[in-house]
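With our numbering as the guide, the letters of the sequence shown map in order to residues 189 to 586.
Heads up, the beta-carbon is just placed ideally off N, CA and C, and yes, glycines get one too.
Notes follow once the structure below has been shown.
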Amino acid sequence: MAKIGSMTNKIRTAMVGCGGAAWVGHLPWLWENPHIDLAAVCDPNSERGTKAAERWNVPHVYQEFDKLLGEQPLDAVVIATPPQTHHDLAVTALQKGLHVLVEKPLAVSTDQCDSMIAAAGKAEKILTVSHEKRFNPGFEKVHQIIHEGLLGDVFYLAVHWSAAVRLDPDSLSPPDYRSSYEWRWTDPESGGGIVFDHLPHYLDLWRWWTGSEMATVCAELLNVRKDWIGDAKLGGPHEDFGTALMKFENGCIGMFETGNAGRGLSPIQMVGSGIGEWSEYGMIYGTRGHLIFDLLPWDSPEMPRIMMYSLEDKAPNYRGWFQVEMADPWRGAGGPLAPKSNSHYHFKRQMDDFASAILDNRNPQVTASDGRETVAAVEAVYESFQTGKKITLNHAAK
Ligand SMILES: NC(=O)c1ccc[n+]([C@@H]2O[C@H](COP(=O)([O-])OP(=O)(O)OC[C@H]3O[C@@H](n4cnc5c(N)ncnc54)[C@H](O)[C@@H]3O)[C@@H](O)[C@H]2O)c1
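Written as structure tokens, this is what we have:
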């Protein structure tokens, strides 16, 4: 077991950034993990820091990151701030000898990612990135289905994801949490629009499912709301709708479309047509079967629904479309934030992986290099849109 600094023999951790992602994806799971001592929160917005500290019983509240690191003997930080701040915060923490879990995207450029990876290597500390979809049991099931050969050779992966993120929040989150997300559309430094927000999640899954890297991409972006930041002719960042057509090194085609300018209707869950709702679904085609998955929003603890058709699946002993069996989500009183009722929840499982990677001195399931690849993909999407050309990815820097 790795040596950790604190008297309590727990991983003394600070939450940096106390907005929507922290509230849903990190604070509850830092608080709940038996190996973690949630020692401090930090946010320049003192109201947000104080609110988080009150809710999660955190003894120290900071508004300045340097002061936090100067005063608190920490083992780790979790960073959930806007993307343009990730690099400097993570590198400073790594140089201080702390382990780091940073929200996606890892950073706003591959150069920044490389600098963070180098800092982690030098410090010999963990740097991981929040691609929590990998910890969703539904997506683990998809990985298993592909690897058991039930779809044959996968040749097409497609995702449609439209999110009404400027509208009402749903019930699991503080009432104002989506309003704080406006930097995505108002700060030119934030790296990109909706494609930068969403594509990293699925590119990470596709790389994991197929074991193959993206080779080429061509993309088209739109700003349906006509509120580009900067020069509209140059395109991204800050598109609110986009499509990307990708080819993978193994020959698979990937098709990704995403937007927050309109909402579709998801095919199985039948969500997405109302205020604040969401549609997020995908298809996988193989030579021996097809699969479709359909999700509720990122903060939902419910499992995705997965339907498939396989010529290889002998288990149900019939051929045709069937629903893939999933463990029922189990909710205790108090809902998904109730202790001990969240064993399947992707953000909890991600935090458990971070803690056990620190304690067992092993790599986390999602590495910083994985995060870098997803940033490289988005850079190529923007380059394709700006030049009107198909872009070939360069994986040499890995
Ligand atoms: N993994 C996911 O599913 C998921 C979902 C939502 C957001 N995110 C990511 O999480 C990150 C944060 O997004 P959000 O929705 O929480 O945004 P947000 O605006 O709700 O919260 C960000 C918080 O960071 C604080 N902050 C800004 N600079 C800071 C600094 N230097 N030090 C400390 N705090 C600082 C802000 O005051 C704000 O409270 C982004 O990278 C976003 O892409 C990931």
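Looking at ligand 1, does it come within less than 7 Å of residue i, judged from the CB to the closest heavy atom?
| i | result |
| --- | --- |
| Asn233 | yes |
| Gln269 | For clarity, residue 269 is Thr in the given sequence; the question names Gln instead. Checking the Cβ of Thr269 against ligand 1 gives yes. |
| Phe327 | no |
| Arg395 | no |
| Cys230 | yes |
| Glu291 | yes |
| Gly380 | no |
| Arg236 | yes |
| Leu433 | no |
| Glu468 | no |
| Leu391 | no |
| Phe253 | yes |
| Gly559 | no |
| Thr475 | no |
| Gly208 | yes |
| Gly439 | no |
| Asp541 | no |
| Pro430 | The sequence given here has Gly at residue 430, not Pro. Every heavy atom of ligand 1 is 7 Å or more from the Cβ of Gly430, so no. |
| Gly598 | Since the displayed the chain opens at 189 and closes at 586, residue 598 lies outside it and no answer follows. |
| Val330 | no |
| Gly213 | yes |
| Leu410 | no |
| Glu567 | no |
| Gly258 | no |
| Glu320 | yes |
Spell out the partners DSSP gives residue i in its beta bridges.
| i | result |
| --- | --- |
| Ala407 | Ala432 |
| Glu291 | Ser318 |
| Leu226 | Thr201 |
| His478 | Tyr473 and Tyr497 |
| Ala351 | Trp466 |
| Thr298 | Paired residue(s): none; Thr298 is not in a bridge. |
| Ile579 | Val405 |
| Ala346 | Met443 and Met471 |
The beta strand (DSSP E) spanning residue i covers which residue range?
| i | result |
| --- | --- |
| Glu445 | Ile441 to Gly447 |
| Trp509 | Trp509 to Gln511 |
Let me know the secondary structure DSSP gives residue i once reduced to three states.
| i | result |
| --- | --- |
| Trp394 | helix |
| Ala268 | coil |
| Tyr570 | helix |
| Met304 | helix |
| Leu256 | helix |
| Ser467 | strand |
| Met402 | strand |
| Thr555 | coil |
| Ser361 | Because the pLDDT of Ser361 is 40, which lies under 50, any placement of that residue in the model is unreliable, and the number read from its coordinates should be weighed accordingly. Coil at Ser361, not helix or strand. |
| His248 | strand |
| Leu483 | strand |
| Val459 | coil |
| Pro388 | helix |
| Ser378 | helix |
| Lys414 | coil |
| Ser454 | coil |
| Ser234 | helix |
| Glu427 | coil |
| Leu422 | Below a pLDDT of 50, predicted positions are generally treated as unreliable, and Leu422, at 45, falls in that range; the measurement from the model is reported next regardless. Looking at Leu422 - three-state DSSP - the assignment turns out to be helix. |
| Glu561 | helix |
| Lys310 | helix |
| Gly340 | coil |
| Glu370 | helix |
| Glu490 | coil |
| Gly207 | coil |
| Glu437 | coil |
| Ala585 | Interpretation of Ala585 is limited by its pLDDT of 49, a score under 50 that renders its predicted location unreliable; the figure taken from the coordinates is listed afterwards. Residue state, collapsed to three classes: coil. |
| Pro261 | coil |
How about residue i: is its C-beta nearer than 8 Å to some C-beta of chain B?
| i | result |
| --- | --- |
| Ile199 | Among the protein chains of the structure shown there is no chain B, as only one such chain exists. |
By the DSSP assignment, the alpha helix (DSSP H) with residue i in it spans what residues?
| i | result |
| --- | --- |
| Gln332 | Pro325 to His335 |
| Leu215 | Leu215 to Glu220 |
| His275 | His274 to Gln283 |
| His534 | His534 to Asp548 |
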